[in-house]
Amino acid sequence: MNRRVLKDTKTILAFTIAFVLEIIGIVLALKNDDAWVAFVIFGMFLTFYGANRADRLYREN
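Positions 23 to 83 (our numbering) are the ones given, in order, by the sequence shown.
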């Protein structure tokens, strides 16, 4: 990755929040709570958004 992608706060924030949501989803799944599905789906959505944004920033260079 280049410096522009790593300095973009929206991209880094999206990946960080997605990681936290996925961990929460795994913990909830281990506790047999049905809410884990929402956390995992939202985490996957944020990962997709962050990857698309990083790709767009990388290609703009």
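Ideal Cβ placement from N, Cα and C applies to all residues, glycine included.
In the structure shown, Asp-77 adopts helical secondary structure according to DSSP, grouped into three states. A straight-line Cα-Cα distance of about 35 angstroms links Asp-55 and Asp-77. Judged by their CB atoms, Val-62 and Glu-44 are nearer to each other than the 8 angstroms cut-off. Note on geometry: alpha-carbon atoms of Ala-57 and Phe-64 lie some 11 angstroms from one another. Arg-81 is not a Cβ neighbour of Thr-33, given a cutoff of 8 angstroms.
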